[in-house]
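All the letters of the sequence shown, read from the start, carry residue numbers 0 to 458 under numbering that gives the first Met the number 0.
Since the structure comes first, as structure tokens, the remarks are kept for the end.
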Amino acid sequence: MKERKTILVVDDEASMRTNVVELLSREGYSVYEAVDGAEALKAVKSHPLNLVLLDINLPKIDGITALKEIKKDFADLPVIVFTAYGTSERAIEAMKAGAYDYLDKPFELDEFLLVVRRALTFGDLLGEVKQLRSTVSINTQLSATSQLVGISQKSQEIFKLIGRAAPSEATVLIQGESGTGKELIADAIQRHSLRKEKPFIKVDCGGLTETLLESELFGHEKGAFTGAVSQRKGRFELADGGTILLDEVNNMTPALQMKLLRVLQQKTFERVGGKDTHTVDVRIIAATNRNLEDEMKAGRFRQDLFYRLNVIHIVIPPLRDRPEDIPVLVDHYLKRIKPTQKIVVPEESLKKLMTYSWPGNVRELENVIQRALVMTQGSLITIDHLPFSSPPALGNNSGNTLLQEGFNLKSYLTTTEKNLIVEALEKTNWNRTLTAKLLNINRRLLFSKMLYYNLKQKK
Ligand SMILES: Nc1ncnc2c1ncn2[C@@H]1O[C@H](COP(=O)(O)OP(=O)(O)OP(=O)(O)O)[C@@H](O)[C@H]1O
Ligand SMILES: [Mg+2]
Numbered sequence: 000m001k002e003r004k005t006i007l008v009v010d011d012e013a014s015m016r017t018n019v020v021e022l023l024s025r026e027g028y029s030v031y032e033a034v035d036g037a038e039a040l041k042a043v044k045s046h047p048l049n050l051v052l053l054d055i056n057l058p059k060i061d062g063i064t065a066l067k068e069i070k071k072d073f074a075d076l077p078v079i080v081f082t083a084y085g086t087s088e089r090a091i092e093a094m095k096a097g098a099y100d101y102l103d104k105p106f107e108l109d110e111f112l113l114v115v116r117r118a119l120t121f122g123d124l125l126g127e128v129k130q131l132r133s134t135v136s137i138n139t140q141l142s143a144t145s146q147l148v149g150i151s152q153k154s155q156e157i158f159k160l161i162g163r164a165a166p167s168e169a170t171v172l173i174q175g176e177s178g179t180g181k182e183l184i185a186d187a188i189q190r191h192s193l194r195k196e197k198p199f200i201k202v203d204c205g206g207l208t209e210t211l212l213e214s215e216l217f218g219h220e221k222g223a224f225t226g227a228v229s230q231r232k233g234r235f236e237l238a239d240g241g242t243i244l245l246d247e248v249n250n251m252t253p254a255l256q257m258k259l260l261r262v263l264q265q266k267t268f269e270r271v272g273g274k275d276t277h278t279v280d281v282r283i284i285a286a287t288n289r290n291l292e293d294e295m296k297a298g299r300f301r302q303d304l305f306y307r308l309n310v311i312h313i314v315i316p317p318l319r320d321r322p323e324d325i326p327v328l329v330d331h332y333l334k335r336i337k338p339t340q341k342i343v344v345p346e347e348s349l350k351k352l353m354t355y356s357w358p359g360n361v362r363e364l365e366n367v368i369q370r371a372l373v374m375t376q377g378s379l380i381t382i383d384h385l386p387f388s389s390p391p392a393l394g395n396n397s398g399n400t401l402l403q404e405g406f407n408l409k410s411y412l413t414t415t416e417k418n419l420i421v422e423a424l425e426k427t428n429w430n431r432t433l434t435a436k437l438l439n440i441n442r443r444l445l446f447s448k449m450l451y452y453n454l455k456q457k458k
């Protein structure tokens with residue numbers, strides 16, 4: 000017969016504990032309970048366990064501290080952490096402190112059991128293999144601007160990956176559309192890495208000519224090129240011992256790609272116009288808004304360099320592919336911009352925000368919220384405060400979602416009309432003849448509507 004697995008459930012909330020214990024018992028596991036961190040540590044020492052389920056917010060000894068204590072003595076014991084918030088820091092901390100996985104409360108039953116089973120299998124597989132325990136001290140004080148927010152499965156996977164990747168020395172390649180948070184993620188990796196006290200240098204590889212970028216990266220000797228009036232250290236030298244972020248790495252010329260490859264392989268380079276070979280120890284994080292693999296296939300990016308950079312690959316999906324993140328991001332920005340004021344975003348506005356395509360991703364969302372807060376004088380963000388209110392596609396009216404309390408046909412139609420005119424004007428770069436054509440109305444009517452809605456091109 001299969002041996003019964005033993006699980007410890009740690010949660011100070013009695014109802015939660017009872018539910019989980021019942022569920023697990025029904026699944027045939029034998030279960031112990033603890034109500035706080037101190038009890039948990041005692042239980043771990045007095046019972047042979049296969050798995051710990053640990054709430055992160057605990058009285059006496061908090062979850063992260065308890066987790067670290069557990070990992071000190073029982074490195075191979077898988078621990079799944081319950082986090083109550085859709086924010087990243089605690090999840091990353093937990094992963095870094097050696098958690099096997101984490102679950103957001105409230106969780107789905109199926110997902111919960113799946114993760115439990117996976118963790119138990121993992122514990123089996125681990126067998127004799129000793130896990131390195133994390134000795135890194137953790138930075139808990141963090142400003143709101145560097146906080147990564149997201150509750151979607153996709154974001155959660157990324158947070159986990161950050162937690163696993165950060166304390167390693169591996170090169171990381173971050174790929175995502177503009178405004179998806181590449182830099183924020185690079186910051187999080189650095190902040191959670193073993194090199195966090197060391198220099199963190201960012202270089203934008205996009206805007207410079209080849210020579211200037213080369214000099215920026217590797218430095219130059221006096222007189223190396225016109226304008227090189229004195230010797231200068233490059234960013235790699237300045238980052239020695241620490242981390243460098245190569246932003247828009249896809250913009251590097253072939254010659255520079257070659258030089259970068261050499262740094263990755265041999266840790267050596269020469270300054271522009273210099274003969275001495277310098278050696279550095281720098282961890283590289285690269286970011287790109289292009290699909291670098293496609294760039295490689297198209298012959299614009301060196302294959303060997305691609306594989307060197309792509310050790311850990313973080314692909315951030317565009318915001319439109321993870322609309323579940325939008326409400327928490329909105330909330331995050333409201334609190335950040337107006338920390339003392341309670342601002343309400345009604346269902347209708349939230350729906351607009353969640354169905355918009357966000358070409359500028361999170362950065363655009365941040366701007367839209369900022370703008371809405373300027374527009375609204377009160378504490379309500381209505382759709383009129385949002386810049387992109389267009390009606391849902393015609394003929395696609397499955398559930399009469401619009402016809403709810405507060406709906407007003409006239410204001411709906413005028414808003415729709417105004418928005419379509421603005422859209423057409425922007426599309427045609429405010430050319431009125433083209434706009435009228437696009438809308439299939441005559442110019443006179445367009446003029447009078449523009450006057451009526453007070454539409455003027457921003458300078
Ligand atoms: N998950 C997130 N949680 C909170 N804020 C975020 C998140 N993702 C992005 N942001 C915010 O969106 C803005 C854009 O992020 P960031 O500069 O990191 O994007 P990027 O991918 O580097 O963009 P670009 O390609 O244009 O350089 C920043 O203000 C950042 O704080
Ligand atoms: Mg960026």
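C-beta: ideal position from N, C-alpha, C; glycine also.
Can you find a heavy atom of ligand 2 that lies under 7 Å from the Cβ of residue i?
{"i": "Asp35", "result": "no"}
{"i": "Glu363", "result": "no"}
{"i": "Asp186", "result": "no"}
{"i": "Asp246", "result": "yes"}
{"i": "Ala285", "result": "no"}
Have a look at the DSSP bridge pairing and note the partners of residue i.
{"i": "Gly218", "result": "Lys232"}
{"i": "Tyr101", "result": "Val80"}
{"i": "Thr210", "result": "None; Thr210 has no bridge partner."}
{"i": "Val373", "result": "Its beta-bridge partners do not exist; DSSP assigns none."}
{"i": "Thr5", "result": "Ser29"}
DSSP state of residue i, grouped into three classes?
{"i": "Phe121", "result": "helix"}
{"i": "Pro391", "result": "Residue placement at Pro391 is poorly supported in this model, since its pLDDT is 45, which falls under 50; the coordinates are not used for a value here."}
{"i": "Val30", "result": "strand"}
{"i": "Thr355", "result": "Per the sequence presented here, residue 355 reads as Tyr, with Thr not at that position. Of the three classes helix, strand and coil, the one that applies to Tyr355 here is coil, per DSSP."}
{"i": "Ile150", "result": "coil"}
{"i": "Glu68", "result": "helix"}
{"i": "His277", "result": "strand"}
{"i": "Arg282", "result": "strand"}
{"i": "Phe81", "result": "strand"}
{"i": "Leu141", "result": "Low confidence applies here, because Leu141 scores a pLDDT of 45, under 50, leaving its location unreliable; read the following figure in that light. Leu141 falls in the coil class under three-state DSSP."}
{"i": "Gln174", "result": "strand"}
{"i": "Lys129", "result": "For Lys129, the predicted model reports a pLDDT of 30, less than 50, meaning its position is unreliable; a value from the coordinates is still stated below. Lys129 falls in the coil class under three-state DSSP."}
{"i": "Ser397", "result": "Annotation note: pLDDT 42 at Ser397 (below 50); position unreliable, coordinate value reported separately. It is coil, neither helix nor strand."}
{"i": "Glu323", "result": "coil"}
{"i": "Asp54", "result": "strand"}
{"i": "Val135", "result": "With a pLDDT of 25 at Val135, under the threshold of 50, the modelled position of this residue cannot be trusted; read the value that follows with caution. Note: Val135 maps to coil in three-state DSSP."}
{"i": "Leu454", "result": "coil"}
{"i": "Asp460", "result": "This structure cannot speak to residue 460, because the chain is shown only from 0 to 458."}
{"i": "Asp109", "result": "helix"}
{"i": "Leu244", "result": "strand"}
{"i": "Phe268", "result": "strand"}
{"i": "Leu291", "result": "helix"}
{"i": "Val314", "result": "strand"}
{"i": "Pro386", "result": "coil"}
{"i": "Val344", "result": "coil"}
{"i": "Leu379", "result": "strand"}
{"i": "Lys337", "result": "coil"}
{"i": "Gly62", "result": "helix"}
Taking only heavy atoms of ligand 1 into account, decide whether any of them is closer than 7 Å to the Cβ of residue i.
{"i": "Val367", "result": "no"}
{"i": "Asn407", "result": "no"}
{"i": "Glu182", "result": "yes"}
{"i": "His191", "result": "no"}
{"i": "His331", "result": "yes"}
{"i": "Ile450", "result": "Residue identity check: residue 450 is Leu in the sequence provided, not Ile. It does not: the Cβ of Leu450 is nowhere closer than 7 Å to a heavy atom of ligand 1."}
{"i": "Leu328", "result": "yes"}
{"i": "Gln152", "result": "no"}
{"i": "Lys147", "result": "The sequence as given places Leu at residue 147; Lys does not occur at that position. Yes."}
{"i": "Asn309", "result": "no"}
{"i": "Asn249", "result": "no"}
{"i": "Asn288", "result": "yes"}
{"i": "Gly175", "result": "yes"}
Using a Cβ-based criterion (distance less than 7 Å to any ligand heavy atom), does residue i qualify as near ligand 4?
{"i": "Thr179", "result": "Ligands in the displayed structure: ligand 1 and ligand 2; ligand 4 is not one of them."}
Between residue i and chain C, is there a C-beta pair that is closer than 8 Å?
{"i": "Ser151", "result": "No chain C is part of this structure, which consists of one protein chain only."}
Inter-stretch contact at 8 Å, needing at least 3 Cβ pairs: the segment 261–268 / the segment 244–251: no
Contact between the segment 162–170 and the segment 337–349: three or more CB pairs below 8 Å? no
Are there three or more Cβ pairs, one per stretch, closer than 8 Å when the segment 174–185 is compared with the segment 354–361? yes
Mind the definition here: the segment 230–241 touches the segment 204–221 only if three or more C-beta pairs lie below 8 Å; say whether that holds. yes
Pair every Cβ in the segment 33–51 with every Cβ in the segment 65–75, then say whether three or more of these pairs are closer than 8 Å. yes
Touching or not, the segment 20–29 and the segment 3–11, by the rule of three or more beta carbon pairs under 8 Å? yes
Pair every Cβ in the segment 238–247 with every Cβ in the segment 278–297, then say whether three or more of these pairs are closer than 8 Å. yes
Any 3 or more C-beta pairs closer than 8 Å across the segment 313–328 and the segment 146–155: yes
Counting pairs of Cβ atoms below 8 Å between the segment 365–375 and the segment 179–195, do you hit three or more? no
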